Structures are given as structure tokens and as C-alpha cells.
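As C-alpha cells, the structure follows; a few thoughts come after it.
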Amino acid sequence: MMRSPPICLFLIGAMMMGTGKAVKATAEEEEFREELTLRPLPDGKVAAHFSFSTLLRGAVPRAPSSLGTDDTSQHYSIFPLALGQILREHAIPEFHLTINSGKWDYDRWGHPGEPGVGSGAELWAWMGDGVQRETSIDERWKALQNSLSGLFCASLGQMHTLHTTSPARAFPPTGDLPRLPAPHKHSLRHATLPAERVCTENLTPFLKLLPCPARAGIAALLEPHKVFDANWHGLGVHVRWRAGAGVELVLSVQAVLDPVRISVERRRDWSLRSLFDRSIPRSCNIATSSVVRVMLPSASEGGSYTLSPEPWLSTEDSIASYDLTNGTSELDIAMTWPEEQRFSYPLDLSPLSDLSVRRTLKGSSQTHGELSVVIRNNQPVTVRTHYLETMPWHVEFFLHTLGVSCGDGTKCDYLFTNMAYTPSQPHNKPALLQATIELPPHETVHLSLRVHKAFLRYQEHRPDAQRGWDLPPAVFVPVDAPFRRIYTSALLVDLATPDFSMPYNVIIMSSTLIALVFGSLFNMLIRRFVVVNLDDEVSTSTQ
Amino acid sequence: MLSFSFPLAFIIFLPFILIVEAGHDLYDGNVPAKASESSHTNNWAVLVCASRYWFNYRHMANALGMYRTVKRLGIPDSNIILMLADDAACNSRNHFPGCVFANRGHALDLYGENIEVDYRGYEVTVQNFLRLLTGRVEPDVPRSKRLLTDDRSNIFVYMTGHGGDEFLKFQDSEEISAFDLADAFEQMWQKKRYNEIFFMIDTCQANTMYSKFYSPNILATGSSRIRENSYSYENDDDVGVSVIDSYTHFVLEYLEGINKTSTTSMKDLFDKYDPEIIRSHPGVRSDLFHRPLEQTLITDFFGGVAHAEVMDTDFMHDSSPLVPTSQVDSIIKDEHSLTEVLSNPTDGTGDHQVRLLRAWGSVGVIGLLVALAILNTKR
Numbered sequence: 001m002m003r004s005p006p007i008c009l010f011l012i013g014a015m016m017m018g019t020g021k022a023v024k025a026t027a028e029e030e031e032f033r034e035e036l037t038l039r040p041l042p043d044g045k046v047a048a049h050f051s052f053s054t055l056l057r058g059a060v061p062r063a064p065s066s067l068g069t070d071d072t073s074q075h076y077s078i079f080p081l082a083l084g085q086i087l088r089e090h091a092i093p094e095f096h097l098t099i100n101s102g103k104w105d106y107d108r109w110g111h112p113g114e115p116g117v118g119s120g121a122e123l124w125a126w127m128g129d130g131v132q133r134e135t136s137i138d139e140r141w142k143a144l145q146n147s148l149s150g151l152f153c154a155s156l157g158q159m160h161t162l163h164t165t166s167p168a169r170a171f172p173p174t175g176d177l178p179r180l181p182a183p184h185k186h187s188l189r190h191a192t193l194p195a196e197r198v199c200t201e202n203l204t205p206f207l208k209l210l211p212c213p214a215r216a217g218i219a220a221l222l223e224p225h226k227v228f229d230a231n232w233h234g235l236g237v238h239v240r241w242r243a244g245a246g247v248e249l250v251l252s253v254q255a256v257l258d259p260v261r262i263s264v265e266r267r268r269d270w271s272l273r274s275l276f277d278r279s280i281p282r283s284c285n286i287a288t289s290s291v292v293r294v295m296l297p298s299a300s301e302g303g304s305y306t307l308s309p310e311p312w313l314s315t316e317d318s319i320a321s322y323d324l325t326n327g328t329s330e331l332d333i334a335m336t337w338p339e340e341q342r343f344s345y346p347l348d349l350s351p352l353s354d355l356s357v358r359r360t361l362k363g364s365s366q367t368h369g370e371l372s373v374v375i376r377n378n379q380p381v382t383v384r385t386h387y388l389e390t391m392p393w394h395v396e397f398f399l400h401t402l403g404v405s406c407g408d409g410t411k412c413d414y415l416f417t418n419m420a421y422t423p424s425q426p427h428n429k430p431a432l433l434q435a436t437i438e439l440p441p442h443e444t445v446h447l448s449l450r451v452h453k454a455f456l457r458y459q460e461h462r463p464d465a466q467r468g469w470d471l472p473p474a475v476f477v478p479v480d481a482p483f484r485r486i487y488t489s490a491l492l493v494d495l496a497t498p499d500f501s502m503p504y505n506v507i508i509m510s511s512t513l514i515a516l517v518f519g520s521l522f523n524m525l526i527r528r529f530v531v532v533n534l535d536d537e538v539s540t541s542t543q
Numbered sequence: 544m545l546s547f548s549f550p551l552a553f554i555i556f557l558p559f560i561l562i563v564e565a566g567h568d569l570y571d572g573n574v575p576a577k578a579s580e581s582s583h584t585n586n587w588a589v590l591v592c593a594s595r596y597w598f599n600y601r602h603m604a605n606a607l608g609m610y611r612t613v614k615r616l617g618i619p620d621s622n623i624i625l626m627l628a629d630d631a632a633c634n635s636r637n638h639f640p641g642c643v644f645a646n647r648g649h650a651l652d653l654y655g656e657n658i659e660v661d662y663r664g665y666e667v668t669v670q671n672f673l674r675l676l677t678g679r680v681e682p683d684v685p686r687s688k689r690l691l692t693d694d695r696s697n698i699f700v701y702m703t704g705h706g707g708d709e710f711l712k713f714q715d716s717e718e719i720s721a722f723d724l725a726d727a728f729e730q731m732w733q734k735k736r737y738n739e740i741f742f743m744i745d746t747c748q749a750n751t752m753y754s755k756f757y758s759p760n761i762l763a764t765g766s767s768r769i770r771e772n773s774y775s776y777e778n779d780d781d782v783g784v785s786v787i788d789s790y791t792h793f794v795l796e797y798l799e800g801i802n803k804t805s806t807t808s809m810k811d812l813f814d815k816y817d818p819e820i821i822r823s824h825p826g827v828r829s830d831l832f833h834r835p836l837e838q839t840l841i842t843d844f845f846g847g848v849a850h851a852e853v854m855d856t857d858f859m860h861d862s863s864p865l866v867p868t869s870q871v872d873s874i875i876k877d878e879h880s881l882t883e884v885l886s887n888p889t890d891g892t893g894d895h896q897v898r899l900l901r902a903w904g905s906v907g908v909i910g911l912l913v914a915l916a917i918l919n920t921k922r
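Protein chains in written order, with the working numbering: chain A, 1 to 543; chain B, 544 to 922.
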């Protein structure tokens, strides 16, 4: 392109002069903060939590009643336009999308920084009533799924009614909801796709929403090969409205990395470079604050360690902080245990979470099974918790078989209160079981419930039908701490699968039978059997 | 100060006048569009891996190899529809998370750090594929999952998977037949959804899949004849499965030598087909295609390089709001046309020469003025 440089220079210069002011004016209304929290865990792993939050100061979610009319024009300098358009188009005040891979081990890793850690994809949104039918909540919910699936390269479009429930008790809004005129109110839509996986194609569009994607700031650490090599990893997109402040978008990435596995000498020493294959090259200039925090392990579990470089901010509450906001130099944090030759896995790991939950599906039969949930309260106080079980229609509960027993085997049904059950609609809607469980201090409670496995229609089977169906995780939400949700592991149910070549066998077999039986019968009925005297014919013809 | 401002204003405005002049003249150099040249203004690619399961890793690698090539040759992600029926990169069986390799020794990671998969997993169905081609999608379907082509679009359709005589299996549970595909292309033609289609398929008995096409402007090629298998190229012991198919490996290797400005034609590619190396007999069907293959560039389908359509200067002045957007594209037009014009003085008319000289002259003047301005301010 020999001919273009002088022309280009002029044009670019002119454009910069014109737009420079506009960018600055709007940047003050938008605020971007980024934070990375690293938490060395007692079992030698490191939990990393990236959080990128953008605040659109003074913005108010679109009122559903204005959906038919033209919207005000949107202009953002930091807030991603692609997401802003989705929020305005469908008038969504709050939504949460998480796509995770793996099972979060609460006992060993404690509570995650961002509570949405259920396996697979989870999407929930609070939406206000629309006026017309085309702008009803369910229509917009479907449109939201499709828009997000296009934006994040995920198969969320499959979250149709088959997966959608409305468990408002377990998922209260995390922000505020705008006031709506009298008859209208907000309601929740929640759906999960437990088999959804997260990979580079999800991270690519995710990074494109950030103002400093993979070049500067802590987002530079998000190298897909390392992130997806982690023992557990997940992406999250959270949008909420805070009255008085504005619309807040939080993009989060969480990962549990294993330095012991990477290390040749089986040591638990880690550095940003060893965990992510990169260090932080420079700060993201757009960020109002950019902080890296390292949660220091307590003396009992951590042994003696060294942290380099020295924390730039004061070390308080066993948190070492590094403020990158105005830093220009490269940062590579390293934590070493010089006295430790080799990491020895601790044998007595006391659970780090408030509750320990184990959920299994028992029984080998293809028609019946038993759902078993074991909940242990790890705290010295009584804990009340919501229990939420969403079941696709192909696993039906026999509610009368619900049994609750305590650790010593005695029946303690009285712990199970406030139960609400929405039965499933075959081929259409999932079942929803909600209850409140009261857990005495250090008590273990067993729940058991017999289930019926449905027989699917031939067309309803997945292409890999033999693999079974993934069931979404159950959720426990402590009444006192509604944002410390606990997700159980997802389950796999083995449904009766037909021999998929059977229809062809049937067609071939019945065709053969028809040919044989009908054919010969038809022959017998239609054919006229006569005796032909050949000699006569011959004699007549010769004559 | 006042005495300074007039020359300054002159210096600032003169270049713009000259740019307009120079721009017109320079762009006129692109005009000649021979009959044999493609008249497309945009490129699209639809890459389909129809196979699920880990042992079909090579089909994922086939599609991703094509994805990497079309992206390298200039088709942007927004114009590529990638369908992968399974997740090979983040599969729990994959020893190299986030990587898909197409050769032994892991030289090149096809998944990379920047990839957009538009249809994945259970979404890859015959229905979704046909809806994508024909544009009969629900209104909610996002832009990235639509084929937003027009009658000036050149589309490269690549399919891979397990197939047989006139069918290709999707996800091992349903099939698309050669008739379905031919009808979909006909519907696209009737709806003016393409200018030309280059159809490539790598599967067993692949050549049967294009045998039913009947719509114009389709060039098709396949990996193997009827009653003939297509084989994989090589295994990798660390990945544990075959990593790529023989035919696709051959084509990709050939395309590695192509860049955005390459003048290599389809005929060059087809002539290189060697059944000995590929281990099957690739086929070509060009009876529906109206252009001679030796004048059909590979970049007409694999590259995102659009040919600009430049109108007369007078016409442009008359109806400036109607200037097509392709005008902008002409900036990124491949350079060979300009170099051709420059290197063959006998080829162009004298008038053309003068205009070109004037254009370059004005660029030179602009350069001089800029230098002058810089010198002035420094003083």
C-alpha cells in the first residue's frame, strides 16, 4: 500500500482531533475496575478469581413498557456496546450467566469468590412485565438466551422451556429492581444446561468485552491454554442495577490451578508466570483501580513461605495487596515455600465450607431409582438453608417417599419445612422442589426420594443417547447468607435407550412378512388355476 | 500571527483538494474487470464438522484447518460460520487442553487463542445447517449464526464427517442427502443468496454428494469416488487418535503456499491432485460453473479480498450518496492490478498514463507540503 500513508496520516489526525473530546466526556460517567484474588489452598492448589467491573454511572434499565417504541441512542466508551444493546433490546435490569467446567470442591476450596460455580451453563434473569404479547417475559427470556448464545459462542439457545423454572426464593436479585406501574411486577427466569462446556471460543468473545483485552492489566494473564488446563475453570457475566449508582457489569473468571501438578519436583511454589505462562506487562490505563490480592495462608496450614515482591500496600487481615493502578513496570508475583522439599498432601483436611453436601442417584434399574442427598453442617450453630432441586421431566419424583433421617438413623422429618413442589409437565417443563432445611450444629441429615425414570420418545433422544442425561445441580442457599449458595455436583441419569437401528429392523422385518404372507395370499385369491392341455394346443396350432 | 495563518490554512486545505483528485485517479487504475474475473464483493465460509465423539478428532481438525486458512487469507470471523459437532479442544480426553493439532509433533495449534465457534455440540444438526444456508431462521437467531450473504457473495462450503453414497452423517444420528443439499443450494440461488459457491467435501464416497447439484455457479470437489473410502493421514501417539484426513491434509498443505495476493487458480490446485498421495480419487465438478478454472483464483473463495467496483468519475459526482460501499473496499484490493498497470506501460492508453503520473505527482506535492509544514513549525 505504497500510495496511502500520507493520505491516511491526515485522515487519522483529523479524526483524532474531532473525537478526542467526546471520549473524555463520557469516560467520567463510566468506571472500570479490575481485581485479581489469588488464594493458595491447603491442598496445594491456587484459586484465582478475576473480576472486571464496569459501572455505567447514572444509567437506568429500560422500562418494559417502552419496548414498542424507539430506544434512546446508546454510546459507551468502556461499557461493551454488544452487551448494552442486549440489555436495552430486551429491557433486562439484572442477569447472571455462568459457564463452568468441573466440580467445585467446597470442602477443600471453601466458598468461591463468585457464588455461581454449578457445572455447565446457568442463566438467570429478573425481568419486568411487558405490555404486549410480543414483549412478554417468556418471549424476551427466549430472545435473551439466543442473543447471549450468539455473543458468547455457547449453545444457550437450547435452554427452552424444558429447562426454565422460576425459583425466586433461592435467587433473589443481587441489585435493585426499578419500580414498575401498579399491576406489573418483576419475575425470575432460571435455566441450566449441565452438559455445556467452556472453552477458548467462549473466552475469545469474553475478552473482547474488556477495555484492555489480553494486552495490559490483569486480563493479560488470561491465556486460554493455561486457564483451560486448570482443575476447575469458569466464566461469569453479571449485570445488576444499583439504585443511585447505575448499571454494573461484572465479568469474572475463576480457576483452580494446580502448581504441584505442573512442578517437576512436586512443589507447591507458584508464580504468575508458572500459573498463567505470563506476567502482568503493565497496568490498564483505563482502569480506575487495578489490584492484585494474595490471601495469605494461616500459619497452621501454610508453613513458612516467602512472597515476592514485597506487597506494595499494607498487609492487613492476612491479605497482601499490589496496586497496579499507575504501575508501568512488569509484575510477577511469586510465592515459595523454601523449607519444603516436596509438597506432602495433608491427610486431615477439615472442611472449609459451612455445609458439605453429597448428592447421588442410586439404583441400576432403567425405570426407577433413588435420589440421595447427605448434608452436613460444619458449624457449631444451627443453620437454616433453602433447598432447591430442579429436575427435567424425564426424572419424576415420588414425593410421598421423601424421607429425612438424622446421623444416628432416627427419622427427623420436622427439619424439613416450608416445602413447595411444582410437578413437571411431561415433554415440556421441569419439576421444581423447594424446601427449607434446619440443620442442627455438626449434624448430618440424609434425604432420600424415590424417582421414576421416563421413557423418552424416539425423537427426544440426544445423538449420544447412550451417554445418559445430565441433571442440573441442586442448590443450597443459607437463609442468613443468600449469596453464599452451594451447588451440588451434577448427575448423570441413564435412561432406557432403544436400539436405534430397531426402526430399520422393524421396517425390513415387516416388509418381508408382508411380502411373504400378503403376497402369497393375494396370489392365491387373484390367480385362477386352470389345467392347460398342451397336446390339444399343439395339435390345433399345427392344423 | 495573521501573516502566518494564510499559508498555514493553505497548507492544511490544499492536501485535501489534492487527495480527492489523487484518489479518483489512483482508483481508476482498478477499473478493468475482465469477464473471467469474479464479480463478487464479499466472501463467506461455512465450515462443517458433522462428527461427534473423540475418535473423530480428525474431522474437527479438518474443519479447524480450513478455518485457520480462510482466516489467514482474510475472511473475518463475522463471515465464517464454523460448526463443530463436538468439543475436541477442551475434551477431558485431550492431553493438551485448548489445543487441536493437525499433525504429528504438535507443531501448530489450530485452536489458538482467538476462535469463534458459531454452532457447537448438539446445535450441529441437519435442520440447523439447512436453515443456515437457506436463511430460514427464527427471528431471535443472533447475527453470528446467520449466513448474511447476497447475490454478490462468494461462499466456500466445506463439509467433513462420515458419509456414504449420496449422504453425510450428522452426529452419527441423522443424515443429509445429496438431494437435500442440492435443493438447499437451488433455494439459495433463487433467493439470490450467492454469486458463486465452491463446495468441498472430505468424506467416504464424497463425490456422490455433489452429483445432484443443479444450480448455476457451483464449483464442487470431493475427496473420493463412489465406493471408495477416504482415509486419515496420520496418527499422533500423544493425542492417541488420527489427527487429520489425507485429502484435507493435501489441500491445506497446498493452500499454505497461497497468500492474499496469489494468482494461483483452481485449476492449479486440481491439477496437483494425486490419487497416489491422497489414497483416493478426488473429483471435480465444474459443469455448473461458468468461468474457466484456470482463471478462477483460489483467493476468490478462500480469501476475503473483494474486487472493487469503481464507477465513472462523472457518475460519482452526480450521485455521490449512491456510491457503493465497495468503494471503501477498493483500498484493500489486492495490489497486483496496480503493479500490473505500472509495469506494462504499453498496455494502458496515454491518457491513463498522464492521469496516473498526475496522481503520483500530487501525492509527491502533498509530501513536500507536509515536509515544509514540519520544517516551519520546528523553526
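In this text, a Cβ means the ideal position worked out from N, Cα and C, and glycines have one as well.
Here the structure is a predicted model, which means the values were calculated and not measured.
Between the C-alpha atoms of residue i and residue j, what's the straight-line distance to the nearest angstrom?
| i | j | result |
| --- | --- | --- |
| A435(A) | N418(A) | 5 Å |
| M295(A) | F845(B) | 51 Å |
| H895(B) | Q838(B) | 26 Å |
| H368(A) | R450(A) | 7 Å |
| P40(A) | I333(A) | 13 Å |
| G617(B) | D138(A) | 40 Å |
| R261(A) | Y76(A) | 43 Å |
| L188(A) | A454(A) | 28 Å |
| V493(A) | H602(B) | 29 Å |
| Q670(B) | V684(B) | 14 Å |
| M809(B) | I841(B) | 5 Å |
| R731(B) | M743(B) | A small correction: the amino acid at residue 731(B) is Met; Arg does not occupy that position in the sequence shown. One C-alpha to the other measures close to 17 Å. |
| A591(A) | L432(A) | The shown model of chain A, from 1 to 543, leaves out residue 591(A), and the question about it has no answer. |
| A588(B) | D694(B) | 15 Å |
Residue range of the alpha helix (DSSP H) that residue i falls in?
| i | result |
| --- | --- |
| G84(A) | 81-90 |
| D547(A) | Residue 547(A) cannot be examined here, being either before or after the span of chain A that is shown, 1 to 543. |
| M809(B) | 809-815 |
| E729(B) | 721-733 |
| S510(A) | 502-513 |
So what does DSSP say about residue i, is it helix, strand or coil?
| i | result |
| --- | --- |
| E94(A) | strand |
| Q425(A) | strand |
| W903(B) | helix |
| I761(B) | strand |
| D838(B) | Note that residue 838(B) is Gln in the sequence shown, not Asp. Q838(B): helix per DSSP, three-state reduction. |
| F276(A) | helix |
| Y774(B) | coil |
| I698(B) | strand |
| Q254(A) | strand |
For a contact meaning CB atoms closer than 7 Å, what does residue i contact in chain B?
| i | result |
| --- | --- |
| D464(A) | R595 |
| K142(A) | D683 |
What residues of chain A sit near residue i, judged by a beta carbon separation below 9 Å?
| i | result |
| --- | --- |
| K614(B) | None at all; the shortest Cβ gap to chain A is about 12 Å. |
| E718(B) | Per Cβ cutoff of 9 Å: no residues; E718(B) is ~12 Å from chain A at best. |
For a cutoff of 9 Å on Cβ pairs, would you count residue i as touching chain D?
| i | result |
| --- | --- |
| N505(A) | The structure shown contains no chain D; the protein chains it does contain are A and B. |
What residues from chain A crowd round residue i, counting only those whose CB sits closer than 8 Å?
| i | result |
| --- | --- |
| Q896(B) | The premise fails here: Q896(B) is roughly 16 Å from chain A at the closest Cβ pair, so nothing lies under 8 Å. |
Whose Cβ in chain B lies nearer than 9 Å to the Cβ of residue i?
| i | result |
| --- | --- |
| V198(A) | C633 |
What residues of chain A sit near residue i, judged by a beta carbon separation below 7 Å?
| i | result |
| --- | --- |
| N657(B) | T204 |
Given that residue i touches chain B, what residues does it touch there, using C-beta distances under 8 Å?
| i | result |
| --- | --- |
| S101(A) | C633 |
Exercise for the section: Compile a chain-ordered list of the residues in the segment 224-256 of chain A whose CB is closer than 7 Å to at least one CB of chain B. Expected result: P224, H225, F228, D229
Problem - Residues within the segment 622-650 of chain B neighbouring chain A, beta-carbon criterion of under 7 Å - result: D630, A632, C633, P640, G641, C642
Exercise for the section: Check distances from the C-beta atoms of the segment 147-162 of chain A to those of chain B and list, in chain order, the residues that come in under 9 Å. Expected result: Residues are counted here when their Cβ sits less than 9 Å from a Cβ of chain B; for the segment 147-162 of chain A these are S147, L148, S149, G150, L151, C153, A154, S155, G157, Q158, given in chain order.
Exercise for the section: Closer than 8 Å, Cβ to Cβ, to anything on chain A: give me those residues from the segment 683-707 of chain B, in chain order. Expected result: D683, V684, P685, R686, S687, K688
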